[in-house]
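Chains A and B are the protein sequences, given in the same order.
Going by the numbering used here, the letters in the first sequence line up with residues 43 to 284, in that order.
Going by the numbering used here, the letters in the second sequence line up with residues 43 to 284, in that order.
Number of protein chains: 2
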Amino acid sequence: MPEHTVSSFDQELKEIGRKVVEMGGLAERLVADGVSSLIKRDGALAQKVVLLDSTVDQMQREIEDRAILVIAKRQPVANDLREIVSAIRIANDLERIGDLAKNVGKRVIAIEGEYHPAKLVRGVEHISDLVLEQLKEVLDAYAARNEAKAVEVWGRDGAIDTMYTSLFRELLTYMMEDPRNISVCTHLLFCAKNIERIGDHATNVAEIVYYMVTGQNLPESRPKADASSETTLAFPGRSAQA
Amino acid sequence: MPEHTVSSFDQELKEIGRKVVEMGGLAERLVADGVSSLIKRDGALAQKVVLLDSTVDQMQREIEDRAILVIAKRQPVANDLREIVSAIRIANDLERIGDLAKNVGKRVIAIEGEYHPAKLVRGVEHISDLVLEQLKEVLDAYAARNEAKAVEVWGRDGAIDTMYTSLFRELLTYMMEDPRNISVCTHLLFCAKNIERIGDHATNVAEIVYYMVTGQNLPESRPKADASSETTLAFPGRSAQA
Numbered sequence: 043m044p045e046h047t048v049s050s051f052d053q054e055l056k057e058i059g060r061k062v063v064e065m066g067g068l069a070e071r072l073v074a075d076g077v078s079s080l081i082k083r084d085g086a087l088a089q090k091v092v093l094l095d096s097t098v099d100q101m102q103r104e105i106e107d108r109a110i111l112v113i114a115k116r117q118p119v120a121n122d123l124r125e126i127v128s129a130i131r132i133a134n135d136l137e138r139i140g141d142l143a144k145n146v147g148k149r150v151i152a153i154e155g156e157y158h159p160a161k162l163v164r165g166v167e168h169i170s171d172l173v174l175e176q177l178k179e180v181l182d183a184y185a186a187r188n189e190a191k192a193v194e195v196w197g198r199d200g201a202i203d204t205m206y207t208s209l210f211r212e213l214l215t216y217m218m219e220d221p222r223n224i225s226v227c228t229h230l231l232f233c234a235k236n237i238e239r240i241g242d243h244a245t246n247v248a249e250i251v252y253y254m255v256t257g258q259n260l261p262e263s264r265p266k267a268d269a270s271s272e273t274t275l276a277f278p279g280r281s282a283q284a
Numbered sequence: 043m044p045e046h047t048v049s050s051f052d053q054e055l056k057e058i059g060r061k062v063v064e065m066g067g068l069a070e071r072l073v074a075d076g077v078s079s080l081i082k083r084d085g086a087l088a089q090k091v092v093l094l095d096s097t098v099d100q101m102q103r104e105i106e107d108r109a110i111l112v113i114a115k116r117q118p119v120a121n122d123l124r125e126i127v128s129a130i131r132i133a134n135d136l137e138r139i140g141d142l143a144k145n146v147g148k149r150v151i152a153i154e155g156e157y158h159p160a161k162l163v164r165g166v167e168h169i170s171d172l173v174l175e176q177l178k179e180v181l182d183a184y185a186a187r188n189e190a191k192a193v194e195v196w197g198r199d200g201a202i203d204t205m206y207t208s209l210f211r212e213l214l215t216y217m218m219e220d221p222r223n224i225s226v227c228t229h230l231l232f233c234a235k236n237i238e239r240i241g242d243h244a245t246n247v248a249e250i251v252y253y254m255v256t257g258q259n260l261p262e263s264r265p266k267a268d269a270s271s272e273t274t275l276a277f278p279g280r281s282a283q284a
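So this is what it looks like as structure tokens:
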């Protein structure tokens with residue numbers, strides 16, 4: 043299409059949607075690479091993740107600017123307005139996901155060369171697999187405008203939170219067993235928290251997709267089972283509090 | 043004013059601005075109360091913070107809805123558009139601040155009744171004072187459309203990050219000194235991180251205020267000195283890595 047053609051409203055909507063999908067793909071890659079850099083202890087890959095996050099930020103700004111322009115120019119209502127507002131909101135969550143992946147990358151760089159038994163990261167690997175699956179599924183749900191798929195993702199967040207809570211206790215246990223684990227486990231706790239938060243944002247995106255497609259909100263009470271911020275692990279010999 | 047009067051564009055803008063200020067006040071209070079509940083070990087206050095966060099969330103949604111309506115209805119340009127888009131963005135940062143304050147509240151509830159020497163929270167109190175001051179100042183800068191004040195806030199974020207990095211090391215040291223500190227210090231580390239992140243969002247707001255008033259962006263490279271994610275503290279006897 044020649045550049046001087048004023049694109050139609052539909053084309054503008056599609057273009058915004060296409061950019062969200064593209065941004066989602068990049069955010070997903072950042073998460074996958076961030077986790078992979080942690081598991082393989084690959085500082086160079088972690089460094090790449092840290093650098094690429096600024097591209098995610100740029101994409102968010104671009105989507106927001108474009109969406110606001112379209113709102114001002116076309117005064118969309120109903121479905122169309124929902125579509126555009128959803129693009130702004132999803133881009134916002136994807137930007138946060140990129141940020142969290144970057145944080146994982148930074149921690150990987152921090153613990154390079156530290157005392158670091160392989161078993162410590164196993165739990166983080168586990169939760170990451172689940173979160174990556176959620177992220178992939180919700181981006182598919184967005185691309186396909188599939189609200190049923192969005193509901194599935196939304197319903198699975200509880201499993202991630204439960205896994206995170208048990209991982210939190212596990213890492214605390216490693217710290218108490220051997221003080222040499224304290225530094226690395228602290229960073230792993232933050233990594234795990236970042237990854238769990240990525241899962242939360244995937245759930246947010248699921249809610250937005252559902253709203254976008256149906257015009258309805260999912261129930262207020264999201265399945266929430268992360269109790270780690272209410273979890274303590276007492277010093278061995280004292281009873282643990284849930 | 044009778045309800046049936048269609049308010050003018052200027053009045054709509056002012057109303058959105060007023061709502062942002064109101065939301066800022068509430069977010070500030072949540073942070074102050076969250077920190078206060080931590081220092082006084084006041085579980086009831088912490089509980090209030092956790093509950094009030096949903097009001098902050100509602101306010102964000104309201105500001106966003108209203109702003110988008112105004113954009114669609116009035117097709118604002120230049121200054122006016124900047125004003126409205128800035129309201130959306132600031133509300134977004136304030137929502138995150140509320141969320142982070144809520145997280146502090148949850149941790150306070152978690153460590154109630156735990157082994158918890160007073161000296162452990164002193165550093166967190168310190169950084170909180172600084173962050174609260176930043177938040178207060180940046181909200182004043184927004185209310186007064188004072189870009190110089192925004193630049194001041196923006197320039198001070200480095201001090202918070204430096205303080206956070208040293209607090210991170212301090213808490214790790216307490217854990218290594220006495221394993222009974224591990225559980226509480228872990229929660230305090232997350233509290234400190236949440237508070238440091240509130241400082242980051244205050245800096246974001248400063249950037250938005252500057253942009254709103256001047257139409258210019260502050261330089262890309264924000265003063266960043268939080269090196270804690272690159273900080274490890276080796277087991278005593280091994281050299282610490284920066």
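Ideal Cβ positions, reconstructed from N, Cα and C, are used throughout, including at glycine.
Practice task
State the DSSP-derived secondary structure class of P44/B, mapped to helix, strand or coil.
Solution key: Against the second sequence, residue 44/B aligns to sequence position 2. The predicted position of P44/B is uncertain, since its pLDDT is 44 and thus under 50; a value taken from the coordinates is nonetheless stated next. Note: P44/B maps to coil in three-state DSSP.
Exercise for the section: Could you tell me whether the segment 90-108 of chain B touches the segment 91-107 of chain A, where touching means 3 or more Cβ pairs closer than 8 Å? Expected result: no
Problem - Cβ neighbour criterion (16 or more within 10 Å) applied to K161/A - result: Mapped onto the first sequence, residue 161/A falls at position 119. The residue is exposed, with fewer than 16 neighbouring Cβ atoms inside 10 Å.
Practice task
Inspect the beta-carbon positions of Q117/B and A114/A and report whether they are closer than 9 Å.
Solution key: Counted from its first residue, the second sequence places residue 117/B at position 75. Counted from its first residue, the first sequence places residue 114/A at position 72. Yes.
Practice task
For V91/B, collect the residues of the same chain with a Cβ closer than 7 Å to its Cβ; drop the 5 residues on either side in sequence, then sort them by chain order.
Solution key: Mapped onto the second sequence, residue 91/B falls at position 49. Contacts found: L72, D75, G76, S79, A143, K144 and G147.
Practice task
Under the assumption that G301/A contacts L231/A (Cβ atoms under 8 Å), give the Cβ distance between them as a whole number of angstroms.
Solution key: Residue numbering for chain A in the displayed model covers 43 to 284; residue 301/A lies beyond these limits and cannot be assessed.
Practice task
Please list the partners that P118/A has in chain B, where partner means a Cβ-to-Cβ separation under 9 Å.
Solution key: For the purposes of this step, residue 118/A is identified with residue 76 of the first sequence, where counting begins at 1. Within 9 Å Cβ-Cβ: A114.
Practice task
Step through the CB atoms of chain A and report whether any lies within less than 9 Å of the CB of A244/B.
Solution key: As a first step, residue 244/B must be located in the second sequence, where it is residue number 202. No, A244/B does not count as interfacial toward chain A.
Problem - Option in P221/A, E70/A and S225/A with minimal Cα separation from G155/A - result: In the first sequence, counting from the first residue as 1, residue 155/A sits at position 113. The shortest Cα separation from G155/A among P221/A, E70/A and S225/A belongs to S225/A.
Problem - Residues in the segment 132-155 of chain B having any Cβ partner in chain A nearer than 8 Å - result: N134, N145, K148, R149, I151, A152, I153 and G155
Problem - Minimum C-alpha distance to R131/B - residue among S270/B, S271/B and Y253/B - result: Within the second sequence, the letter at position 89 stands for residue 131/B. Closest option to R131/B, Cα to Cα, is Y253/B.
Exercise for the section: Measure from the C-beta of S225/A to each C-beta in chain B and report whether the shortest distance is under 9 Å. Expected result: One-based indexing of the first sequence puts residue 225/A at position 183. So yes, S225/A belongs to the interface.
Exercise for the section: With 9 Å as the threshold, decide whether the Cβ of T256/B is near any Cβ in chain A. Expected result: Along the second sequence, one-based indexing puts residue 256/B at 214. No, no contact with chain A.
Practice task
Work out the CA separation of G241/B and C227/A for me, nearest whole Å.
Solution key: Position 185 of the first sequence, counting from 1, holds the residue named residue 227/A. Position 199 of the second sequence, counting from 1, holds the residue named residue 241/B. Those two C-alpha atoms are separated by around 25 Å.
Handout entry: Length at least 4, wholly inside the segment 57-116 of chain B: the alpha helix (DSSP H) runs in chain order
Key = 85-116
Problem - As assigned by DSSP and simplified to three states, the class of H243/A - result: As a first step, residue 243/A is located in the first sequence; it is residue number 201 there, counting from the start. H243/A: helix per DSSP, three-state reduction.
Exercise for the section: Using the Cα positions of V62/A and A133/A, report the straight-line distance between them to the nearest angstrom. Expected result: Taking the first sequence and counting its residues from 1, the one referred to as residue 62/A is at position 20. Taking the first sequence and counting its residues from 1, the one referred to as residue 133/A is at position 91. Near 6 Å, if we compare the C-alpha coordinates of A133/A and V62/A.
Exercise for the section: Give me the Cα-Cα distance between L260/B and I126/A, rounded to the nearest whole angstrom. Expected result: As a working mapping, residue 260/B is identified with position 218 in the second sequence. As a working mapping, residue 126/A is identified with position 84 in the first sequence. Rounded to whole angstroms, L260/B to I126/A spans 28 Å at the Cα level.
Exercise for the section: Quick one: grab the DSSP three-state call for N259/B. Expected result: What you label residue 259/B is simply residue 217 of the second sequence in a count that begins at 1. N259/B falls in the coil class under three-state DSSP.
Practice task
Could you confirm whether any beta carbon from chain B is found closer than 9 Å to the beta carbon of V127/A?
Solution key: By 1-based counting over the first sequence, the position of residue 127/A is 85. Closer than 9 Å to some Cβ of chain B, the Cβ of V127/A qualifies, so yes.
Handout entry: Endpoints, the alpha helix (DSSP H) within which D220/B is located
Key = What you label residue 220/B is simply residue 178 of the second sequence in a count that begins at 1. Where D220/B is concerned, there is no enclosing alpha helix (DSSP H), given that its DSSP letter is neither H nor E.
Practice task
Compare the C-alpha of G200/B against each of K191/B, Q176/B, A186/B and T215/B and name the closest.
Solution key: The residue you call residue 200/B lines up with position 158 of the second sequence. That would be Q176/B, whose Cα lies nearest to the Cα of G200/B.
Problem - Reduced DSSP category for R138/B - H, G, I as helix; E, B as strand; rest coil - result: Taking the second sequence and counting its residues from 1, the one referred to as residue 138/B is at position 96. If DSSP states are grouped into helix, strand and coil, R138/B belongs with the helices.
Exercise for the section: Tell me whether E156/B sits in a helix, a strand or coil according to DSSP, three-state version. Expected result: The residue labelled residue 156/B in the question sits at position 114 within the second sequence. The answer is coil: DSSP assigns E156/B none of H, G, I, E or B.
Practice task
Return yes when the Cβ of D135/A is within less than 9 Å of the Cβ of N246/A, no when it is not.
Solution key: Position 204 of the first sequence holds residue 246/A. Position 93 of the first sequence holds residue 135/A. Yes, these two residues count as a Cβ contact at 9 Å.
Exercise for the section: Could you tell me if the beta carbon of A183/B falls within a distance shorter than 8 Å of some heavy atom in the ligand NAD? Expected result: Judged by which ligands are present, the structure shown has none, so any question about the ligand NAD falls away.
Practice task
Give the residues of chain A in contact with M218/B, contact being defined as C-beta atoms less than 7 Å apart.
Solution key: Your numbering for residue 218/B matches position 176 in the second sequence. Within chain A, the residues near M218/B are P221 and I224.
Exercise for the section: Use the C-beta contact count for E45/A: other C-beta atoms within 10 angstroms, 16 or more gives buried, fewer gives exposed. Expected result: In the first sequence, counting from the first residue as 1, residue 45/A sits at position 3. Bear in mind that the predicted position of E45/A carries a pLDDT of just 45, short of 50, making it too unreliable to give a figure here.
Exercise for the section: Examine chain B for any beta-carbon lying closer than 9 Å to the beta-carbon of V271/A, and answer yes or no. Expected result: Here residue 271/A is taken as the residue at index 229 of the first sequence, counted from 1. Before going further, note that residue 271/A is Ser rather than Val in the sequence given. So, interface residue.
Exercise for the section: Please report how far the alpha carbon of G257/A lies from the alpha carbon of V195/A, in whole angstroms. Expected result: The residue labelled residue 257/A in the question sits at position 215 within the first sequence. The residue labelled residue 195/A in the question sits at position 153 within the first sequence. Cα to Cα, G257/A sits roughly 18 Å from V195/A.
Exercise for the section: Using only alpha-carbon positions, find the residue among V173/B, A248/B, I139/B and D122/B that is nearest to Q53/B. Expected result: Locating residue 53/B in the second sequence gives position 11, where the first residue counts as 1. Out of V173/B, A248/B, I139/B and D122/B, D122/B has the C-alpha closest to the C-alpha of Q53/B.
Handout entry: R164/A: first and last residue of the uninterrupted alpha helix (DSSP H) it sits in
Key = Counting from one through the first sequence, the residue named residue 164/A turns up at place 122. K161 to A185 is the extent of the alpha helix (DSSP H) around R164/A.
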